[in-house]
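Written out below as structure tokens is the structure these notes cover.
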Amino acid sequence: MSFFINPHHIRIIAVAALAASVFSACSTSEPVTETGNGITEEQTVRESAEIEARSLFIRGITAMQLDDLYVAEIHLNKAHELKPGEPGILFALADLYYDLGDMVNGIHYNRQAVALAPENRWYRIQLARGHHAGGNYEEAISQLDTILQQRPSDIGILRMKARIHNEQGNYEASNQTYQRILDLTGPDLTTHYQRITNFNRLDDTRAVIDELRTVLQLDPGNMNALMMLSQLYLDEGADEEAQNALEQALKRNPRNPELLVNLADIHIGNEQWDQAGALLNELISDPSVSPGNKFEIMQFIISRFASDPDDLPLRETAETLVTSLLETEPDHGMSHAMAAEFYLTARKEDKALLHLRKTTELMPENDAAWRQLIQTHYVAGNYEQAVETGKKADEYVPEDAFIHFFVGGSYFLKARLEEAAVWLASASELPARPQFRSVILGTLADTYAALERWDQADLNYEEAIALNPENDVALNNYAFYLSERNERLDQAKEMAIRALEINPDNSAFLDTMGWIYFKMGEYENAYKYIRASIETGDASAEVLEHMGDVYDKLGEPDRAHYWWQKALEEDESRTHLKERLHIN
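Throughout the sequence shown, residue numbering follows the working numbering, covering 4 to 587 in sequence.
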């Protein structure tokens, strides 16, 4: 782990230690046999073993330095056989096995080294490293605590301990250790930030605020601390404290967009529109501020407006900012895209269309702008413009399911059914989310039904409903066309019931239910649902005609004529009703 002592440094220390004292002669009380020069035979054997062990040890350490770990393992193990109780060799073996990823053997030899030389700080650090790497955090901390008993002011060991507590997820213990460091060293920004991180993990907002205040006492102009503190105050709903922190930060950096936006948000929350508008307008009007920062601010204010579009002061502030943005960044497509977004929310479609067109001119590959432009034409009933826009969009944003759908839908509503089928079929083959794909398939099915291509219509209705069983329009329309064909009326009834469960007050859905009952010969039930459809106030001429048909079957010709007459007045193209009404 990075915070332990450098392993190579440890090896150099180990070599030096051994060279100095590891292989010193050991005294013995056993009887010995002297040679002619006064040296015993056992001393000679022992010295020879020490010389060989030292050579093997140095060769092993050298191999480790050269990352030849296999050779190092051979030499160090032979050295260990010759000097089994030498802690320096045991320590080197532990280091080797840690490098090999063999934590079991590493810890085994490391423990022996510590047992033989318990006062050696480096051996314990290495053992803590081994336990830490093996995930045994408690034992790692235990080794560090042993060192701290001897050296309670060892800052390096304390930092190791705090970091292990962090990895363990024991943030309280980590912060206690960091506090001990602060008690020893005095104020230190890095340590305070580490405590802030831990308090954040503990969701202790009040403690984070206290630490940040300490940081600001040490470094009053610390922008990061001021910004963090202001955001925490905002999250806590402490607007006055947040405003004070933001204003301090703005003295240091008066053009910081994030600070200005947060301060403006406080003013907006307090309905102080003049202050909020003045802050943001100053920034947006400033030519030295980057367009990206301006767009970030505009996105913030437009999002706020979208959440409450009926707030008149907020609308006026947003429109002022939009105007300033267009004046300072007139040739940037994003300026017009944001203006379009604002005007759509403000329900000013004409201005929205103007800026959507400008967006597509300046950013012709902006698929979102093309989609919004064609949809706006479609919703406004400008089907010719929707088709024209969609075809142009297809040149820049080809194979877009949304664009193909609205072109096809526009053709369908203009009764250009063959062209509608081509575009809608194309849309159905392009990538789209299941719910939208269900809408596409349902509209394609409506087109095939209008063309009386019943097999294709039924297939697409069924696929649309399979993709989204909550597609009430597909359920209703499929049910209606089945009733018109007098086919599978029980299935049609089930689908009509489901559509009404989803949308119970829909005039067309109520009429479909009534018409299915009419086809089944249940005229009283038919009357009930068709009457409910008319009472919604949204009934079409077709529904009025159906009411006349129901009264006809109920044996009330005068009432039938009344409703047929109303249907003809509503839609003069229903000329077939003239015959029923005996009109020439």
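Backbone N, C-alpha and C define an ideal beta-carbon position, used for all residues, glycine too.
The alpha helix (DSSP H) enclosing Met-226, as first and last residue numbers: Start at 1 with the first residue of the sequence shown, and residue 226 comes out as number 223. 226-239 is the extent of the alpha helix (DSSP H) around Met-226.
Burial state of Lys-556 (16 or more Cβ within 10 Å): Sequence index remark: in the sequence shown, residue 556 carries index 553 (1-based). Under this definition Lys-556 is an exposed residue.
Test: Gln-302 CB closer than 8 angstroms to a CB of chain C: The chain inventory of the structure shown lacks chain C, comprising one protein chain alone.
CA-to-CA distance, Asn-80 to Leu-130, given in whole angstroms: Mapped onto the sequence shown, residue 130 falls at position 127. Mapped onto the sequence shown, residue 80 falls at position 77. Distance between the alpha carbons of Leu-130 and Asn-80 is about 19 angstroms.
As assigned by DSSP and simplified to three states, the class of Ala-97: Taking the sequence shown and counting its residues from 1, the one referred to as residue 97 is at position 94. Ala-97 falls in the helix class under three-state DSSP.
Rounded C-alpha distance that separates Pro-472 from Ala-482: If you number the sequence shown from 1, residue 472 lands on position 469. If you number the sequence shown from 1, residue 482 lands on position 479. Approximately 14 angstroms, taken between the alpha carbons.
Extent of the continuous alpha helix (DSSP H) run through His-195: As a position in the sequence shown, residue 195 is number 192, starting the count at 1. 192-204 is the span of the alpha helix (DSSP H), which, as asked, contains His-195.
Whole-number beta carbon distance between Leu-427 and Ile-443, since they are thought to touch under 8 angstroms: As a first step, residue 443 is located in the sequence shown; it is residue number 440 there, counting from the start. As a first step, residue 427 is located in the sequence shown; it is residue number 424 there, counting from the start. Indeed, because the Cβ distance is near 6 angstroms, the residues count as touching under 8 angstroms.
Collapsed DSSP secondary structure at Thr-31 in the structure displayed: Reading the sequence shown from its first residue, position 28 is the one you call residue 31. Model confidence at Thr-31 stands at a pLDDT of 35, short of 50, so the residue's coordinates are unreliable and nothing is read from them.
Cα-Cα separation, Leu-249 to Ser-233: Position 246 of the sequence shown, counted from the first residue, corresponds to residue 249. Position 230 of the sequence shown, counted from the first residue, corresponds to residue 233. If I take the Cα positions, the gap works out to 6 angstroms.
Environment of Pro-90 [buried if 16+ CB atoms lie within 10 Å]: For the purposes of this step, residue 90 is identified with residue 87 of the sequence shown, where counting begins at 1. Buried.
Three-way DSSP call (helix, strand, coil) for Met-366 in this model: Within the sequence shown, numbered from 1, the residue matching residue 366 stands at position 363. Annotated three-state conformation of Met-366 is coil, per DSSP.
Validate contact between the segment 282-290 and the segment 240-248 using beta carbons, cut 8 angstroms, 3 pairs: no
Pro-437 versus Asp-70 - alpha carbon distance: Position 434 of the sequence shown holds residue 437. Position 67 of the sequence shown holds residue 70. Looking at the two C-alpha atoms, the distance is approximately 57 angstroms.
Enclosing alpha helix (DSSP H) for His-83 [first to last residue]: Residue mapping note: residue 83 aligns to position 80 of the sequence shown, counting from 1. 72-85 is the extent of the alpha helix (DSSP H) around His-83.
Integer-rounded CB distance, given that Gly-517 should sit under 8 angstroms from Ala-477: Taking the sequence shown and counting its residues from 1, one reaches residue 477 at position 474. Taking the sequence shown and counting its residues from 1, one reaches residue 517 at position 514. Contact flag wrong, Cβ pair sits at about 19 angstroms.
Within 8 angstroms, strictly: CB atoms of Phe-512 and Asn-479: Along the sequence shown, read from residue 1 onward, the residue named residue 512 stands at position 509. Along the sequence shown, read from residue 1 onward, the residue named residue 479 stands at position 476. Cβ atoms of Phe-512 and Asn-479: closer than 8 angstroms.
Close-in-space but distant-in-sequence residues of the same chain around Met-550 (CB under 6 angstroms, 5 per side omitted): On the sequence shown, position 547 is the one that residue 550 refers to. Correct list, in chain order: Ile-533, Trp-566.
Nonlocal neighbours in the same chain, by C-beta distance under 7 angstroms from Glu-299, ignoring five residues either side: In the sequence shown, the residue the question calls residue 299 occupies position 296. The residues are Pro-260.
Cβ neighbour criterion (16 or more within 10 Å) applied to Gly-393: Along the sequence shown, one-based indexing puts residue 393 at 390. Buried: at least 16 other Cβ atoms inside 10 Å.
Proximity below 8 angstroms, CB of Thr-539 to CB of Asp-508: Here residue 539 is taken as the residue at index 536 of the sequence shown, counted from 1. Here residue 508 is taken as the residue at index 505 of the sequence shown, counted from 1. Yes, they are a contact pair.
Coarse secondary structure for Val-292, derived from DSSP in three states: Residue numbering aside, residue 292 sits at position 289 when the sequence shown is read from its first letter. Val-292: coil per DSSP, three-state reduction.
Complete runs of the alpha helix (DSSP H) confined to the segment 459-505 [at least 4 residues]: 475-487, 492-505
Nearest candidate by alpha-carbon position, reference His-168, set Leu-185, Pro-290, Tyr-140, Gln-152: For the purposes of this step, residue 168 is taken as the residue at position 165 of the sequence shown. When only C-alpha atoms are compared, the closest one is Tyr-140.
Helix, strand or coil at Gln-275 according to DSSP, with G and I counted as helix: For the purposes of this step, residue 275 is taken as residue 272 along the sequence shown, with counting starting at 1. Correct three-state label for Gln-275: coil.
Top-ranked residue by Cα proximity to Arg-62, from His-579, Glu-53, Ala-75: Here the question's residue 62 lines up with position 59 in the sequence shown. Of the listed residues, the one whose Cα sits closest to Arg-62 is Ala-75.
Exposed unless 16 or more other CB atoms sit within 10 angstroms - verdict on Tyr-346: Here the question's residue 346 lines up with position 343 in the sequence shown. Counting Cβ neighbours within 10 Å, Tyr-346 comes out buried, since at least 16 surround it.
Neighbour-count burial assignment, Ala-502, 16 or more Cβ in a 10 Å radius: Walking along the sequence shown from the start, residue 502 turns up at place 499. Ala-502 is buried by the Cβ-count criterion.
Segment limits, alpha helix (DSSP H) that includes Ile-533: Locating residue 533 in the sequence shown gives position 530, where the first residue counts as 1. DSSP places Ile-533 in the uninterrupted alpha helix (DSSP H) bounded by 526-538.
Euclidean distance between Cα positions of Lys-254 and Ser-291: Here residue 254 corresponds to residue number 251 of the sequence shown, with the count starting at 1. Here residue 291 corresponds to residue number 288 of the sequence shown, with the count starting at 1. Between Lys-254 and Ser-291, the C-alpha separation is close to 18 angstroms.
DSSP-derived helix/strand/coil call for Pro-437: In the sequence shown, counting from the first residue as 1, residue 437 sits at position 434. Here Pro-437 sits in helix by DSSP.
Nearest neighbour of Glu-559, chosen from Glu-527, Thr-326, Ala-544 [CA to CA]: As a working note, residue 559 is residue 556 in the sequence shown. The shortest C-alpha separation from Glu-559 is found at Glu-527.
Exposure of Gln-378, with buried meaning 16 or more beta-carbon neighbours within 10 Å: In the sequence shown, residue 378 corresponds to position 375, counting from 1. Buried, by the Cβ-count rule.
Entirely enclosed beta strand (DSSP E) segments - the segment 120-163, minimum 3 residues: Taking only runs of at least 3 residues, no beta strand (DSSP E) segment lies wholly in the segment 120-163.
CB contact flag (Pro-434, Ala-404, <8 angstroms): By one-based count along the sequence shown, residue 434 stands at place 431. By one-based count along the sequence shown, residue 404 stands at place 401. Contact flag set, yes.
First through last residue of the alpha helix (DSSP H) which encompasses Ile-586: Translated into the one-based positions of the sequence shown, residue 586 becomes position 583. Where Ile-586 is concerned, there is no enclosing alpha helix (DSSP H), given that its DSSP letter is neither H nor E.
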